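Everything on this sheet refers to the single structure shown next.
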Ligand SMILES: Cc1ncc(COP(=O)(O)O)c(C=O)c1O
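Residue numbers (this note's numbering): 90 to 470.
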């Protein structure tokens, strides 16, 4: 059997990793500024995480959601504390798309409505509702095009008010820092205005923190830059450092109903053990603070070098913490490929001309400096 060939692949097989470094099957070392698409939060193969997963597997990998699972309760408590959402409730699933799917479904159960407002260039996943709120017609199959969604421009509050005031909007869904959309940032006025409008019209406010959350922005959640509290927050990627897991943080006003939501694998023992270990490491190693410090260094240094004319083709540097977009006036393809092939450095990308940095949150200052040196060599060669 052949694989269903939907991914354009680099001809590299990553074999093992440590921190922000990975090695291929031929022994070549790479600096990882991509984190396997923002998934590696505490670093590759962190010993505390590996040991916690091994210990749990020796005891019990899985049992269903029909019995008590104290690890889920411990994770909810720890995540509430780490994020500042101690009064919220946690529903656990396995992927980002599933988190958004459940958040939208719960919103509709809550207010009985079916319309959703989403941002232009939004990406929220590939399952039915998640892909429908994603602003990319190429990945919305006819069966997913069900007319629930209106896409609106970022930071244009009057445009959002015009739709919300119709009183029929079930939910708004927002990435405060768009990832796939090219590291585009909402502003405080927009978020605070949106919060007020959602309260006024009984619309559910969902923040998709799947890529920008879990410490990546230099705050636990990116919306915490704006002093707003969403009604639901979706998380995935970094929550379990690469083992599939996701969650929806749900405000107290939503009352759970037996059987209304459910999953076979979500919140399994192994994933919970890994997610608790991730929170241990984030706290012990102050990784949210590290993302803020090293991210600021990268953004400030790249911006200064751009302004001094030392980064040919770079026209903008933006982001928060370790979620950074470097916009070029040429397609990203050649510099990004040369970064990998010549400088042995992985980065992400967005659109046609944006290089996207999403390293593990433990990126050191030395590694940040190393990246800048490699990037400059590629641009100036
Ligand atoms: C902001 C955002 N939401 C949702 C998703 C979908 O997550 P998953 O691929 O785990 O379904 C992604 C994945 O890249 C994402 O970046």
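Beta carbons are placed, not taken as given, at the ideal position from N, Cα and C, and that holds for glycine. Predicted model, so just to flag it, every value in this text is computed and none were measured.
Residue 296 sits in a strand when the DSSP states are folded into three classes. Here residue 337 carries a strand assignment [DSSP, helix/strand/coil]. By a beta-carbon distance limit of 8 Å, residue 171 does not contact residue 447. Their separation comes to about 20 Å. For residue 352, the three-state secondary structure derived from DSSP is coil. In this structure, residue 293 sits away from residue 183, with a CB-CB distance that is not shorter than 8 Å. At a Cβ-Cβ threshold of 8 Å, residue 336 and residue 211 do not count as neighbours. Burial is judged here by how many other beta carbons sit within 10 angstroms of a residue's own beta carbon; residue 225 has fewer than 16 and is exposed.
With respect to the 8 Å criterion, residue 193 and residue 249 are not classified as neighbours on the basis of their beta carbons. CA-CA distance, residue 116 to residue 463, rounds to 20 Å. Secondary-structure assignment with DSSP links residue 464 through no beta bridge to anything. Membership of residue 288 in the alpha helix (DSSP H) is indicated by the continuous run 277 to 289. Assigned with DSSP and collapsed to three states, residue 407 falls in strand. DSSP places residue 305 outside both helix and strand once states are collapsed to three, so it counts as coil. Where residue 425 is concerned, the enclosing alpha helix (DSSP H) starts and stops at 422 to 430. Straight-line measurement puts the Cα of residue 113 at about 33 Å from the Cα of residue 220.
Short note on residue 268: C-beta closer than 7 Å to some heavy atom of ligand 1. A contact between stretches requires three or more CB pairs, one per stretch, nearer than 8 Å, and the stretch 377 to 385 fails this requirement with the stretch 225 to 242. Secondary structure of residue 253 (DSSP, three-state): helix. In this structure, the CA atom of residue 400 is about 19 Å from the CA atom of residue 430.
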